[in-house]
Amino acid sequence: MPVFLNEENPVITIGLAMTAANLLLGLAGFTHFLSYPFIKIVASFTGLAPLLGALNISNKHLTSNLTNEEPGRINKTGIILSVIAFSAAAYFSGGLWFRVIMPLFYSRWPEVIGLDSFIYAVFYFALALYARKFSYIWLGPVALSLLGLGLATVIIGLDRPVETIITLLLLIAGLCATDLYYWLTLRGLTKMLNCRKVFGLGLGVSLFFITAPGIALDVQLLPSPLSSSTTAVFGACLLFIINPLIIWFLRPLQQYEQDKNVSLNNFDEKNRGGNDVKAGDDKLDREIPAFWYDLTNTEKKVYELIYNGCTDSEISEKLVISRHTVKFHVRNILRKSGTSNRKELLQIVKASK
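Using our numbering, the first residue of the sequence shown is number 510, and each one after it goes up by one.
Here it is as structure tokens:
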């Protein structure tokens, strides 16, 4: 998770992760057709992955406090409530329809059980490439449009096999776009609020609302939307609530990205060597060392915090990464600078003034 939060291409990272996860899920599903009990037993243990992931996220070393945040600047409560509301609207509504369409699909083609996982993998990868080329922000409206088209095909009717296939593909594509948009938005909120608990909260509520429709249908708490117009309208209304929530999500994130870009531009202008900055300018408090250009973006941030006298714990909190990751970046900085400790590193910086 710390690596994902500081990844330069998070869209591709999460897209590949979801693609791989669904490929494994599809392979695990197909093992039920095999006659080898050992393979079935091994495949069943893949169900431990979500549990291990949840334990990792809830690890005490992956939590950070909010003491360094300025009070009143960000409505954290409102943002967290909107995370829960978005999860309920997107995953419960989408999951409700998906839970109804899937049995109908497999009742007609039982020999392809597990195929939906491979379809998920293809859509995840395609949408990740799309989001990387344009912007992940567009995934929100794309998700809403695809799920809406899926509901439209349900209203038209599912009497013919081609209608069932089209509906299933639209719902899968819509849920894939929802997933990517949701997790990339949570990434932005986690960095903005400097609190990984937002990420863990998003994971928990999304898993709850993904499983809730199936449980509600199985215990007959909710009738099938194909047989009940009330449930169908309820599912559709939940789905279209996503639209204002998308706006709610993007407003603080857009402001955060603008502030971050302004800070980075000011930093680059402050430290750029050449004609843009005069030699006697008060803003230029040091020269850029030669090894600076060999550092990655994250290593540059760590280096700046080291220069400002921050400890490993402070760097971990400011960059929202674990202490182990901080030490890893520090070792890389020392290696690239040709020094063995922070004292020597700071001496090089002072000598280059």
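Quick reminder that beta carbons are idealized off the backbone N, C-alpha and C, glycines included.
| said: Let me confirm a value: Leu638 is counted as buried when at least 16 other C-beta atoms fall within 10 Å, else exposed. Which label applies? | reply: Exposed, since its Cβ has fewer than 16 Cβ neighbours within 10 Å.
| So, helix, strand or coil for Leu710, using DSSP? | Assignment of Leu710 by DSSP, reduced to helix, strand and coil, places it in the helix class.
Got a sec? Which residues, its chain only, sit under 6 Å from Ser616 by beta carbon, not counting five neighbours each side? If we look at Ser616 and ignore the five residues flanking it on each side, it has no Cβ neighbours.
query = Buried or exposed: which applies to Trp618, given that a residue is buried once 16 or more other Cβ atoms fall within 10 Å of its Cβ?
reply = Here Trp618 is exposed. Its C-beta has fewer than 16 other C-beta atoms within 10 Å.
With respect to the alpha helix (DSSP H) encompassing Thr807, which residues constitute its N-terminal and C-terminal limits?
-> It spans 806 to 816 - the alpha helix (DSSP H) in which Thr807 sits, taken as one unbroken run.
inquiry  = According to DSSP, is Gln729 part of a helix, a strand, or is it coil?
reply    = Correct three-state label for Gln729: coil.
Verify whether the separation of the beta carbon atoms of Phe601 and Leu747 is less than 8 Å.
Closer than 8 Å, so yes.
Check whether the Cβ atoms of Leu636 and Leu689 sit closer than 8 Å, and answer yes or no.
Yes; because the gap between Cβ atoms is below 8 Å, this pair is in contact.
| field | Runs of alpha helix (DSSP H) lying entirely within the stretch 635 to 706, each at least 4 residues, in chain order | value | When DSSP assignments are scanned along the stretch 635 to 706, the uninterrupted stretches of alpha helix (DSSP H) that are 4 or more residues long and fall wholly within it turn out to be 648 to 665, 670 to 702.
Report yes if the CB atom of His838 is closer than 8 Å to the CB atom of Thr807, and no otherwise. For His838 and Thr807, yes; Cβs fall inside 8 Å.
message: Among the candidates Asn817, Leu648, Lys810, Gly818, whose CA atom is the shortest distance from the CA of Ile830?
response: Per the Cα distances, Lys810.
- When the Cα atoms are used, what is the spatial distance from Ile646 to Ile857? Spanning the two alpha carbons is a distance of roughly 43 Å.
Trp606: first and last residue of the uninterrupted alpha helix (DSSP H) it sits in: Looking at the DSSP string, the run of the alpha helix (DSSP H) that includes Trp606 is 602 to 617.
Requested in this report: Have a look at Thr694, Val728, Pro722 and flag the residue whose alpha-carbon is nearest the alpha-carbon of Leu712.
Outcome: Ranking the options by Cα distance to Leu712, first place goes to Thr694.
Practice problem: Specify the secondary structure class of Leu716 as computed by DSSP and reduced to three states. | Solution: Judged by DSSP in its simplified three-state form, Leu716 adopts helix.
Original post:
To the nearest angstrom, how far is it from the Cα of Ala682 to the Cα of Val835?
Top reply: So the two alpha carbons sit approximately 38 Å from each other.
- Query: With distances taken from CA atoms, which of Leu678, Lys642, Val621 is nearest Gly486?
  - Reply: Outside the modelled stretch of the chain, which goes from 510 to 862, sits residue 486, for which no answer is possible.
- Leaving out five residues before and five after Phe800 in sequence, what residues of the same chain have Cβ atoms less than 7 Å from its Cβ? If the five residues before and after Phe800 are omitted, its C-beta is found closer than 7 Å to the C-beta atoms of Lys845, Ser846, all from its own chain and listed in chain order.
Quiz item: Considering only C-alpha positions, which residue in the set Ser591, Ile593, Leu605 is nearest to Phe743?
Solution: Its Cα nearest to that of Phe743, the residue Leu605 stands out among Ser591, Ile593, Leu605.
Please state the DSSP three-state secondary structure of Ile830. The answer is coil: DSSP assigns Ile830 none of H, G, I, E or B.
* Buried versus exposed call for Tyr461 [16 or more other C-beta atoms within 10 Å across all chains shown] -> Within the shown structure, residues of the chain are numbered from 510 to 862, placing residue 461 beyond reach of any answer.
Looking only at its chain, what residues have a beta carbon closer than 8 Å to the beta carbon of Ser822, apart from the 5 residues adjacent to it on each side? Arg832, listed in sequence order.
Contact set for Gln729: own chain, Cβ-Cβ below 8 Å, skip 5 residues either direction: When the five nearest sequence neighbours on each side are left out, no beta carbon in the same chain lies closer than 8 Å to the beta carbon of Gln729.
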